[in-house]
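Numbering (this note's numbering) for the sequence shown: 81 to 158.
Note that the Cβ used here is the ideal one computed from N, Cα and C, for glycine as well.
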Amino acid sequence: WTLWTVEYGAVLQYPYTDSMIIVPFDLDNMVGVENIAVDTDADDVVYYNLQGVKVLNPAPGQLVIARQGGQAVKMIAK
Numbered sequence: 081w082t083l084w085t086v087e088y089g090a091v092l093q094y095p096y097t098d099s100m101i102i103v104p105f106d107l108d109n110m111v112g113v114e115n116i117a118v119d120t121d122a123d124d125v126v127y128y129n130l131q132g133v134k135v136l137n138p139a140p141g142q143l144v145i146a147r148q149g150g151q152a153v154k155m156i157a158k
């Protein structure tokens, strides 16, 4: 396909056809991601049982999934 940018947006033309698509946009009102927030509680360990239910205080000997930051491991609670 071929793309042309014009004052009011963009025009796309597909190969082997006479079809054109006009995509209007306004550069004065563009939006996007301003910044990225960091989770301050990323170091806290969160426990889940094997069904995926959050466990606040795992019992000793209970098999749980411990998630901390971007990592998760299976473990037996102490």
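Is residue j closer than 8 Å to residue i when the C-beta atoms are compared?
i           : j           : result
residue 142 : residue 123 : no
residue 152 : residue 144 : no
residue 127 : residue 138 : yes
residue 91  : residue 100 : yes
When you compare each of the options to residue i by their alpha carbons, which one comes out closest?
i          : options            : result
residue 89 : 130, 117, 102, 150 : 102
residue 39 : 136, 125, 112, 117 : With the chain running from 81 to 158 in the structure shown, residue 39 is simply not present.
Kindly indicate the opening and closing residues of the beta strand (DSSP E) around residue i.
i           : result
residue 155 : 151-156
residue 83  : 82-86
residue 148 : 143-148
residue 113 : Residue 113 -> no beta strand (DSSP E), and no H or E assigned at all.
May I ask you to list the residues that DSSP assigns as paired with residue i?
i           : result
residue 97  : Note: residue 97 sits in no beta bridge, so no partner.
residue 90  : 85, 103
residue 135 : 127
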